[in-house]
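Worksheet for the structure shown next.
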Amino acid sequence: MNTAVIKNISLAAVALAAAMATSGAMAANASVQLDTSVLSSYTIKSVGSDTYSSSTGILTAPIDATNTTATLIDFGNSDGFSLGFTFLGAQTLSFTNFSYNLSTKTLSGSLSGAGSLVSDIAYTGSLFVAGTSSTANSVLTASNFSVASSFATYLSGVGLSTANQTTIASSIKSLSIPVTSAPAVPEPSTYALMGLGLVGIALIARQKRQG
């Protein structure tokens, strides 16, 4: 077989093996349990790639693996959910760009408003801090959220009372995130692919030495 062909196949095998070994490190989705009783007067819709079930109150959020680190779980930047209500016309509050810091137990993101009453609302930063956080079966669950201090300051500045701020925090029952404490163990097929690639590269190197 042509040396160039062997080289390309070998490199492809190594790359595929590496991708397979990496893909198992983080599951694809996280979920946010919303309290539909608190949000009963709002129309809830998913934004971007997120999906929302009105029957369960669960917002499913894909994890952005490219920006996720050991301490920060990042969701799709244009994803999230919106709260719609009608008061002097249609009004919409959108929560997007979520990320969760495992160390500080802080859910961050962006809040923006659309409509005559809320169009001036625009905030990006810490949103809520979890009072309770635990991990079981490789799933982290955060709950008992309170409004982050910077977010509380912003909401007070736009005239939202402390009672209403508490209501906003209680609208999120819990956040569930799949996590792993160690890299996933490669499957035997992954080792076979990597071995095939390395053998091919070794054969090419040997041919060059003999040539």
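Take the sequence shown: its position 196, counting from 1, is numbered 458 in our numbering, and each next residue is one higher.
C-beta: ideal position from N, C-alpha, C; glycine also.
**Item:** DSSP beta-bridge partners of GLN353
**Value:** PHE347
**Asked** Looking only at its own chain, which residues have a Cβ that is under 7 Å from the Cβ of SER432, when we skip the five neighbours before and after it?
**Response** ASP297, VAL300
**Request:** To the nearest angstrom, report how far apart THR424 and ASP382 are at their CA atoms.
**Result:** 20 Å
**Prompt:** Tell me the DSSP bridge mates of LYS307?
**Reply:** SER344
**Prompt:** Is there contact between the stretch 313–329 and the stretch 346–354, where contact requires at least three CB pairs shorter than 8 Å?
**Reply:** no
**Asked** Using a Cβ-Cβ cut-off of 7 Å (strictly less than) and excluding sequence neighbours within five positions of SER547, which residues of its own chain qualify?
**Response** In the structure as shown, the chain starts at 263 and stops at 473, and residue 547 therefore has no counterpart that could be examined.
**Request:** Alpha carbon to alpha carbon, how far is LEU422 from SER311? Give it in angstroms, no decimals.
**Result:** 30 Å
**Request:** Grab me the residues of ALA384's own chain with a C-beta within less than 7 Å of its C-beta, minus the 5 sequence neighbours each way, in chain order.
**Result:** SER374
**Request:** Give the C-beta separation of ILE206 and PHE343 to the nearest angstrom, bearing in mind that I take them to be a contact with Cβ-Cβ under 8 Å.
**Result:** Given that the chain is displayed from residue 263 to residue 473, the structure contains no residue 206 and the question cannot be resolved.
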